[in-house]
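Undergrad: Sharing a structure with you now.
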Amino acid sequence: MSTILIIGAKSDIAQAVARQYAAQGYDLYLAARNAKELEAFAHDLNIRTQRAIYCVDLDILDFESHQTFYDGLKEKPLGVICAVGMLGDQKIAESDFAQSHKILDTNFTGIVSLLNIIANDFEQRKSGFIVGLSSVAGDRGRASNYIYGAAKAAFTAYLSGLRNRLSNSNVHVMTVKPGFVNTQMTKNMDLPAKLTAQPEDIAADIYKAQQKGKNILYSKWMWLWIMLIIKHIPEFIFKKLSL
Amino acid sequence: MNLSGWGCFPKIMAKALSFTDKASLKTIISKYDQLIAYGNGRSYGDSALNTHIIKAREHHYFLDFDEASGILHIQSGVLLAEILESLVPRGWFLKITPGTKLITVGGAIASDVHGKNHHMDGCFSESVIEFNLMLADGSTVLCSKTEYTDLFHATCGGMGLTGVILDVKIGLKKIKSQSILQTTIKTQNLKQTFAAFEQHKDQTYSVAWIDCLAKGAQLGRSLLMVGDFADDGDLNYHTNKKLSIPFNFPLFALNKLTVKAFNFLYYNKVRQTISKQKVSLDSFFYPLDALLHWNRIYGKKGFAQYQFILPKHNSFEGLEKILNCIADSGKGSFLAVLKLYGKENENYLSFPLEGYSLALDFKMDDGLLDLLKQLDAIVLNYGGRIYLAKDSRIDKATFEQGYPNIEAFRALRKHYKMDEKFQSLQSKRVDI
Numbered sequence: 148m149s150t151i152l153i154i155g156a157k158s159d160i161a162q163a164v165a166r167q168y169a170a171q172g173y174d175l176y177l178a179a180r181n182a183k184e185l186e187a188f189a190h191d192l193n194i195r196t197q198r199a200i201y202c203v204d205l206d207i208l209d210f211e212s213h214q215t216f217y218d219g220l221k222e223k224p225l226g227v228i229c230a231v232g233m234l235g236d237q238k239i240a241e242s243d244f245a246q247s248h249k250i251l252d253t254n255f256t257g258i259v260s261l262l263n264i265i266a267n268d269f270e271q272r273k274s275g276f277i278v279g280l281s282s283v284a285g286d287r288g289r290a291s292n293y294i295y296g297a298a299k300a301a302f303t304a305y306l307s308g309l310r311n312r313l314s315n316s317n318v319h320v321m322t323v324k325p326g327f328v329n330t331q332m333t334k335n336m337d338l339p340a341k342l343t344a345q346p347e348d349i350a351a352d353i354y355k356a357q358q359k360g361k362n363i364l365y366s367k368w369m370w371l372w373i374m375l376i377i378k379h380i381p382e383f384i385f386k387k388l389s390l
Numbered sequence: 381m382n383l384s385g386w387g388c389f390p391k392i393m394a395k396a397l398s399f400t401d402k403a404s405l406k407t408i409i410s411k412y413d414q415l416i417a418y419g420n421g422r423s424y425g426d427s428a429l430n431t432h433i434i435k436a437r438e439h440h441y442f443l444d445f446d447e448a449s450g451i452l453h454i455q456s457g458v459l460l461a462e463i464l465e466s467l468v469p470r471g472w473f474l475k476i477t478p479g480t481k482l483i484t485v486g487g488a489i490a491s492d493v494h495g496k497n498h499h500m501d502g503c504f505s506e507s508v509i510e511f512n513l514m515l516a517d518g519s520t521v522l523c524s525k526t527e528y529t530d531l532f533h534a535t536c537g538g539m540g541l542t543g544v545i546l547d548v549k550i551g552l553k554k555i556k557s558q559s560i561l562q563t564t565i566k567t568q569n570l571k572q573t574f575a576a577f578e579q580h581k582d583q584t585y586s587v588a589w590i591d592c593l594a595k596g597a598q599l600g601r602s603l604l605m606v607g608d609f610a611d612d613g614d615l616n617y618h619t620n621k622k623l624s625i626p627f628n629f630p631l632f633a634l635n636k637l638t639v640k641a642f643n644f645l646y647y648n649k650v651r652q653t654i655s656k657q658k659v660s661l662d663s664f665f666y667p668l669d670a671l672l673h674w675n676r677i678y679g680k681k682g683f684a685q686y687q688f689i690l691p692k693h694n695s696f697e698g699l700e701k702i703l704n705c706i707a708d709s710g711k712g713s714f715l716a717v718l719k720l721y722g723k724e725n726e727n728y729l730s731f732p733l734e735g736y737s738l739a740l741d742f743k744m745d746d747g748l749l750d751l752l753k754q755l756d757a758i759v760l761n762y763g764g765r766i767y768l769a770k771d772s773r774i775d776k777a778t779f780e781q782g783y784p785n786i787e788a789f790r791a792l793r794k795h796y797k798m799d800e801k802f803q804s805l806q807s808k809r810v811d812i
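Taken in order, these protein sequences are the chains called F and P.
In case it helps, my numbering puts the first sequence at residues 148 to 390.
In case it helps, my numbering puts the second sequence at residues 381 to 812.
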């Protein structure tokens, strides 16, 4: 058993994570909607690393399909890395509930539906790891992206509870909170260069921390301190800030 | 976006265009004129710069590798470093590699790069089996030494001026170890340096670092390093953690004194006349890659690389003149690299010819351009030429005199209607 399941495999961070794990000798399931579009990437990884890379279809919003999806994996994965994420449009989400709903379902509800199934399997067999990519946006709600932030906050709490529940079952749960990263999601934002990581940096951090059994990972590391400060700004000041 | 070559000079504003497949590249090519492909930004001057650049780096999938024949099929944005990471542990290495692995395969073809084994194995194009090239009209042709040979020979060394390379098949060579057995020969003057090159020319890899501030009887003193892959040892290939130069050094950091001190220490670090070492592949081929952003040591004004080659029969006399000229100017260079080259190839604009080449770095400052003009005159006088991949400043006449095939190259560009479509600041400057 040396296969890792990567959920939301089309994102830049997920692909960097895939490169990292394949280079370290793991086979991969790459799960995403229209997984066919991942075939060129998977073929590239296979030639580079000689690992087996399987593309599997998964719609995170189709909750009903999740059990079938997991049952359909021939070999159950050693661990799962969930990189599903959708920033959405905060402005639209404020007036159009459909947008809010989609952001919440993609970043939280859908993931809960799938990870519940996987967690139960891992708990029963008493092995495995679950890595969830949450976000620093979930540490404190801000005007600019609080629907997304709320979903991520919920996901962070979910992972924390899961970690608590599975700690006696030899299943390791890690919460990853990336700060600014140069990806498709952020390509139209003007990010401060010194605080912005490349997907490869995040992937290397994740691999190292997962191997070490770390519980919560801020990546890059300085975000731990940045968020510590942000979390401690008194609310009567915070509410006036534009962050 | 702000853009410059590795020499940080010149700096321009450019619009970067990305493509994901043939169709999107075709759209870009039909929509814009004055385009030039841009790989990893490691050519030194303005050969990959223009108001519109086509970013090739993101086009970087491996397509196939045949373990039996060692033939690798890749997209043009793949870095040489990526090839090494995947394939050195499986016992394969590039047939030809330049002194940095941080360039794309497309860039390696466009500059027809060469390495320490040029005297034995020639330029990068020797390892190229075929490539798909998108032309100015958006059509794609497969170029090799038997198909579309004119485009093959024009594109290898053609500085991106014949179209955009999509994917490439190259041949790799088998290695048994990732270590190099290196011999270092310390010479006292230029005559000894030349003799040492000749004496060791049956060694696969050779290159000399030359102390370009030494004068008089010591003019041309060098450390010649020769070697080849070891037969035994491991194939473990992991790159060491890199140091990064975090900011541009202040302009005074590199001056005549510090360069002189460096040259003195570097030369005298080696005590014996002949010494042997076992070194890793990375430290032998890519010593500077361990230092990310090393171009920043020259400060924010940037630097100019100057690399020329002289035909063998003129090399000694010409080099003596040039070294004297540099030593008199006091504008020294940390990195002065001398190398013996083998036969010239059939490509229109490839740099190498049989003879000796010297590569120098100079900090951009007042008076440098005058010095380089003087050097140009000596180079041309001795029948030499200047390397386009490192150039940011030569004029049309200097270029034309060094590259006698230029008329044929211009005619080919006209014939394929690519002369308006593909242009760089360099090609406009020297009127390619």
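Cβ atoms here follow ideal geometry from the backbone N, Cα and C, with glycine treated the same way.
The structure presented is a predicted model; accordingly, all values stated were derived computationally and were not measured.
Taking 6 Å as the limit between beta carbons, can you name the residues of its chain near Ile-654/P, skipping five residues before and five after?
TA: Within the second sequence, the letter at position 274 stands for residue 654/P. Closer than 6 Å at Cβ, skipping near neighbours: Ile-565.
Undergrad: Is the shortest distance between the beta-carbon of Thr-196/F and the beta-carbons of chain P less than 8 Å?
TA: Locating residue 196/F in the first sequence gives position 49, where the first residue counts as 1. So, interface residue.
Undergrad: Excluding the 5 residues flanking Lys-595/P on each side, which residues of the same chain have their C-beta closer than 7 Å to its C-beta?
TA: In the second sequence, counting from the first residue as 1, residue 595/P sits at position 215. Only Ala-707 meet the Cβ criterion.
Undergrad: Span of the alpha helix (DSSP H) holding Phe-383/F?
TA: On the first sequence, position 236 is the one that residue 383/F refers to. Unbroken alpha helix (DSSP H) run through Phe-383/F: 382 to 385.
Undergrad: Checking 8 Å against the spacing of the C-beta atoms, do Tyr-424/P and Ala-769/P come in under that value?
TA: Here residue 424/P corresponds to residue number 44 of the second sequence, with the count starting at 1. Here residue 769/P corresponds to residue number 389 of the second sequence, with the count starting at 1. Yes; because the gap between Cβ atoms is below 8 Å, this pair is in contact.
Undergrad: Would you say Ser-466/P reaches chain F, if we count a Cβ-Cβ gap shorter than 8 Å as a contact?
TA: Sequence index remark: in the second sequence, residue 466/P carries index 86 (1-based). Interface residue, yes.
Undergrad: Just grab the DSSP bridge partners of Ala-588/P for me.
TA: Along the second sequence, one-based indexing puts residue 588/P at 208. Note: Ala-588/P sits in a beta bridge opposite Leu-604/P and Leu-718/P.
Undergrad: Whether or not the stretch 795 to 803 of chain P and the stretch 735 to 754 of chain P are in contact is what I'm after, with contact meaning three or more pairs of Cβ atoms, one per stretch, closer than 8 Å; do they touch?
TA: Segments in contact, no.
Undergrad: Nearest CA to the CA of Leu-397/P: which residue from Lys-753/P, Thr-407/P, Asn-761/P and Leu-752/P?
TA: Stepping through the second sequence from its first residue, residue 397/P is reached at position 17. Here the closest residue by C-alpha is Thr-407/P.
Undergrad: Compute the distance between the beta-carbons of Lys-658/P and Ala-588/P, then report whether it is under 8 Å.
TA: Along the second sequence, one-based indexing puts residue 658/P at 278. Along the second sequence, one-based indexing puts residue 588/P at 208. No, Cβ-Cβ distance for Lys-658/P and Ala-588/P is not below 8 Å.
Undergrad: Looking at chain P, which residues of the stretch 350 to 372 of chain F have a Cβ within less than 7 Å of any of its Cβ atoms?
TA: Those would be none; no residue qualifies.
Undergrad: Report yes if the CB atom of Thr-330/F is closer than 8 Å to the CB atom of Ser-158/F, and no otherwise.
TA: Your numbering for residue 330/F matches position 183 in the first sequence. Your numbering for residue 158/F matches position 11 in the first sequence. Result yes, Cβ atoms of Thr-330/F and Ser-158/F sit closer than 8 Å.
Undergrad: Based on the DSSP secondary-structure assignment, which residues constitute the bridge partners of His-432/P?
TA: Here residue 432/P refers to the residue found at position 52 when the second sequence is read from its first residue. Note: His-432/P sits in a beta bridge opposite Lys-395/P and Leu-415/P.
Undergrad: Any beta-carbon of chain P closer than 8 Å to the one on Asp-473/F?
TA: Chain F is shown only over 148 to 390; residue 473/F falls outside these bounds and no answer can be derived.
Undergrad: Please report how far the alpha carbon of Arg-312/F lies from the alpha carbon of Ser-507/P, in whole angstroms.
TA: Numbered from 1 along the first sequence, position 165 holds the residue referred to as residue 312/F. Numbered from 1 along the second sequence, position 127 holds the residue referred to as residue 507/P. For Arg-312/F and Ser-507/P, the distance between alpha carbons rounds to 57 Å.
Undergrad: If you scan the stretch 290 to 339 of chain F from start to end, which runs of the beta strand (DSSP E) of 3 or more residues do you find wholly inside it?
TA: Complete beta strand (DSSP E) runs here, min 3: 319 to 325.
Undergrad: Alpha helix (DSSP H) containing Asn-351/P: first to last residue?
TA: Shown here, chain P extends from 381 to 812; a query on residue 351/P therefore has no answer.
Undergrad: Could you please give the first and the last residue of the uninterrupted alpha helix (DSSP H) stretch that includes Val-468/P?
TA: Position 88 of the second sequence, counted from the first residue, corresponds to residue 468/P. Here Val-468/P belongs to no alpha helix (DSSP H), and DSSP marks it neither H nor E.
Undergrad: At what residue ranges does the stretch 655 to 743 of chain P contain a whole run of the beta strand (DSSP E), taking only runs of 3 or more?
TA: Entirely contained in the stretch 655 to 743 of chain P, the beta strand (DSSP E) runs reaching 3 residues are, in chain order, 683 to 691, 717 to 721 and 735 to 743.
Undergrad: In its own chain, which residues sit with a C-beta less than 7 Å from the C-beta of Phe-779/P, not counting the 5 before and 5 after it?
TA: Start at 1 with the first residue of the second sequence, and residue 779/P comes out as number 399. Once the five neighbours on either side are set aside, the close Cβ partners of Phe-779/P are Val-810.
Undergrad: Say whether chain P places a C-beta atom closer than 8 Å to the C-beta of Asp-243/F.
TA: On the first sequence, position 96 is the one that residue 243/F refers to. For Asp-243/F, the answer is no, since every Cβ of chain P falls outside 8 Å of its Cβ.
Undergrad: DSSP state of Gln-562/P, grouped into three classes?
TA: As a first step, residue 562/P is located in the second sequence; it is residue number 182 there, counting from the start. The answer is strand: DSSP assigns Gln-562/P an E or B state.
Undergrad: With 16 other CB atoms within 10 Å as the buried threshold, where does Asp-243/F fall?
TA: Taking the first sequence and counting its residues from 1, the one referred to as residue 243/F is at position 96. Looking at its Cβ environment, which holds fewer than 16 other Cβ atoms inside 10 Å, Asp-243/F is exposed.
Undergrad: Taking 8 Å as the CB-CB limit, is Asp-444/P close to chain F?
TA: The residue you call residue 444/P lines up with position 64 of the second sequence. Interface residue, yes.
Undergrad: Looking only at its chain, what residues have a beta carbon closer than 8 Å to the beta carbon of Leu-599/P, apart from the 5 residues adjacent to it on each side?
TA: Position 219 of the second sequence, counted from the first residue, corresponds to residue 599/P. Closer than 8 Å at Cβ, skipping near neighbours: Asn-569, Leu-570, Glu-700, Leu-703, Asn-704 and Ala-707.
Undergrad: Flag this pair as yes or no: are the beta carbons of Leu-225/F and Asp-252/F separated by less than 8 Å?
TA: On the first sequence, position 78 is the one that residue 225/F refers to. On the first sequence, position 105 is the one that residue 252/F refers to. No, Cβ-Cβ distance for Leu-225/F and Asp-252/F is not below 8 Å.
Undergrad: Please classify Lys-553/P: does DSSP put it in a helix, a strand, or coil?
TA: Locating residue 553/P in the second sequence gives position 173, counting from the first residue. Correct three-state label for Lys-553/P: strand.
Undergrad: Given a threshold of 16 other Cβ atoms within 10 Å of its Cβ, counted over all protein chains shown, does Ala-179/F qualify as buried or as exposed?
TA: Start at 1 with the first residue of the first sequence, and residue 179/F comes out as number 32. Buried, because 16 or more other Cβ atoms sit within 10 Å of the Cβ of Ala-179/F.
Undergrad: So which residues on chain P does Ala-187/F lean against when the C-beta distance must stay under 7 Å?
TA: Residue mapping note: residue 187/F aligns to position 40 of the first sequence, counting from 1. By Cβ distance, chain P contributes Tyr-441.
Undergrad: Looking only at its own chain, which residues have a Cβ that is under 8 Å from the Cβ of Gly-471/P, when we skip the five neighbours before and after it?
TA: Taking the second sequence and counting its residues from 1, one reaches residue 471/P at position 91. Excluding sequence neighbours, Gly-471/P sits near Lys-554, Ile-555, Lys-556 and Leu-615.
Undergrad: Cα separation between Leu-755/P and Ser-709/P?
TA: Locating residue 755/P in the second sequence gives position 375, counting from the first residue. Locating residue 709/P in the second sequence gives position 329, counting from the first residue. Roughly 11 Å between the two C-alpha positions.
Undergrad: Which same chain residues, not among the five before or five after Leu-443/P, have their C-beta less than 8 Å away from its C-beta?
TA: Counting from one through the second sequence, the residue named residue 443/P turns up at place 63. Here the set comprises His-453, Ile-454, Gln-455 and Asp-547.
Undergrad: Give the secondary structure of Thr-150/F by DSSP, where H, G and I count as helix, E and B as strand, and everything else as coil.
TA: The residue given as residue 150/F occupies position 3 in the first sequence. It is a strand residue.
Undergrad: If the criterion is Cβ atoms closer than 8 Å, does the pair Leu-720/P and His-494/P meet it?
TA: Within the second sequence, numbered from 1, the residue matching residue 720/P stands at position 340. Within the second sequence, numbered from 1, the residue matching residue 494/P stands at position 114. No; because the gap between Cβ atoms is not below 8 Å, this pair is not in contact.
Undergrad: Measuring only the C-alpha atoms, how far is Phe-789/P from Thr-563/P?
TA: The residue given as residue 789/P occupies position 409 in the second sequence. The residue given as residue 563/P occupies position 183 in the second sequence. Near 41 Å, if we compare the C-alpha coordinates of Thr-563/P and Phe-789/P.
Undergrad: Do the stretch 248 to 264 of chain F and the stretch 198 to 208 of chain F make contact, defined as three or more Cβ pairs closer than 8 Å?
TA: Yes, they touch.
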